[in-house]
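The opening position of the sequence shown corresponds to residue -11 in our numbering, with each subsequent residue numbered one higher. Yeah, the Cβ is synthetic: ideal placement off N, Cα and C, and Gly gets one too. To start, the structure itself, in structure tokens.
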Amino acid sequence: MKPKVVRHLAECCRLIQQPGMHQNRNLAMTVMKSSFVGLFFLYFSSTVSGLGSVVSRGYWYSNIHYTWQEARSYCRSWNGDNDLATVYWQSDIEQQDMSIYNSWIGLHRETDANQALDGWTWPNGENLNFNAWDYGEPDWGQRCGYVNYNSKRLRSGDCENYFFFICDNLGFIPESKMWDEAKDYCQDKNRSLAKFTDIGDINSHVKKEDFPVWIGLYRDGETWRWSAGTSGYINWALGEPKNNSDCASVLSVSKQMAAQNCSHRFPFLCYWNNLVVIKENKTWEEALDHCRALHSPTHQQFRYDLISVQPEDYNKIMAVVTEASTEEVWTGLRFLAGKWLWVNGADMKFSNLAQCPPTVQRCGVLRKTSTHSIETRDCAERRNFVCYRK
């Protein structure tokens, strides 16, 4: 190893001594110092070389019906990195399957004079006379019935749950109500909650419907913002956003966005990623120390490091770089021991970096306006930086 380091140092020193370049001893000593710092990282880093992508991000859908704020709190409760979904590109939302949901129907159980629950009946008093129950159903402690749109089978549940519902001759109603509220809605329209005659009847009525799903977009004065603090992609449906609604949903089938009353209850889409933009101005080494000292507020076992960049992750990382308060952010790229490396041991796939850069160009940054490139800067400069959760 020692001859290899000396060769790197010699090559760098020869470059430094070329005409037109700085020829002072301090610069050469700085190169030497950087190389020994590099040996420290190479020998004592806890990471394993050959690490690929470190970016982890995705979405998950919940068919629980919450208000916008309740949905956001639910998403964030799972992990400090979770929030209501931010949409960065239309393809993000096109890939999400939001077809799993429940709808109240007219199936219910009344209580007799002794407050005991009778059998399952329809709004017209007819008994349920065919078996279309889902696996493990019904729960004989419940008294309200609904249909699950994934299995297309009947289930029983707490009448105070919030679901969509189906009215006879009106069809699917994409509003979230408890069973009694849904019954009253249908009756106000001179209809009743839906009655099915057999399994074929269920299959013909239960199909993929367009309904609102909460995302992290909300109105702040005259501006629409994302709850995670990032900049994202907005694709309003025709006639949207409505002036009297301050929270946004994405429609489950059309995948366009619509404004809703924040107190309404809908299913929701959570987003998670392991990238954190630190909006503090630090030198490169201070940024490295900061990342490695971070801990998740909900998961103390998580550890963080300065971000490494693989070409396939470039756009995902740049989507969060836009959150920074500086034009450029530090990454984990450093010139050490005569070569460029990621301090977490990740694969180096950028081949356009200077083989022996001047001492004021030995730390890597991403610039907000960059396009698939890493730029190099003086490690002593101060700027924001991006950490990732391991």
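As assigned by DSSP and simplified to three states, the class of residue i
| i | result |
| --- | --- |
| H252 | coil |
| P346 | coil |
| P162 | strand |
| W330 | strand |
| W440 | The question about residue 440 has no answer, for the chain in this structure spans -11 to 378. |
| I81 | helix |
| S91 | strand |
| E210 | coil |
| C351 | strand |
| D301 | helix |
| I187 | helix |
| V43 | coil |
| C147 | coil |
| V201 | strand |
| V75 | coil |
| C375 | strand |
| C174 | helix |
Nearest residue (CA-CA) to residue i, options the options
| i | options | result |
| --- | --- | --- |
| S41 | G320, N340, D335 | D335 |
| M86 | G217, Y302, A216, K195 | K195 |
| S65 | A225, W260, I154, Y137 | W260 |
| R380 | N51, L329, D80 | The structure shown does not extend to residue 380, since the chain is modelled only from -11 to 378, so the question has no answer here. |
| N232 | W56, W224, N249 | N249 |
| F184 | A120, E148, D198, W224 | A120 |
| F290 | K378, T359, L257 | K378 |
| T271 | R322, N138, K171 | R322 |
| Y440 | N223, E363, G227, W92 | Given a span of -11 to 378 for the chain in the structure shown, any question on residue 440 remains unanswerable. |
| W128 | N138, E98, N149 | E98 |
| W56 | I190, V238, N90 | V238 |
| E114 | Q83, I88, F338, A182 | A182 |
| R179 | A246, D168, K243, D156 | D156 |
Outcome for residue i when other beta-carbon atoms lying within 10 angstroms are tallied against a minimum of 16
| i | result |
| --- | --- |
| Q78 | exposed |
| V241 | exposed |
| A342 | exposed |
| H96 | buried |
| A281 | exposed |
| Y123 | exposed |
| H283 | exposed |
| F151 | buried |
| W318 | buried |
| D71 | buried |
| A368 | exposed |
| K165 | buried |
| F118 | exposed |
Give a yes or no on contact between the segment 107 to 114 and the segment 249 to 258, applying the rule of three or more CB pairs nearer than 8 Å. no
Flag this pair as touching only if the segment 196 to 208 and the segment 52 to 60 have three or more C-beta atom pairs under 8 Å; answer yes or no. yes
Below 8 Å, can you find three or more Cβ-Cβ pairs linking the segment 155 to 167 to the segment 213 to 224? no
How about the segment 349 to 356 and the segment 303 to 311: do they share at least three Cβ pairs that are nearer than 8 Å? yes
What are the start and end residues of each continuous beta strand (DSSP E) run of 3 or more residues lying completely inside the segment 214 to 295, in chain order? 235 to 239, 245 to 248, 254 to 261, 263 to 270, 292 to 294
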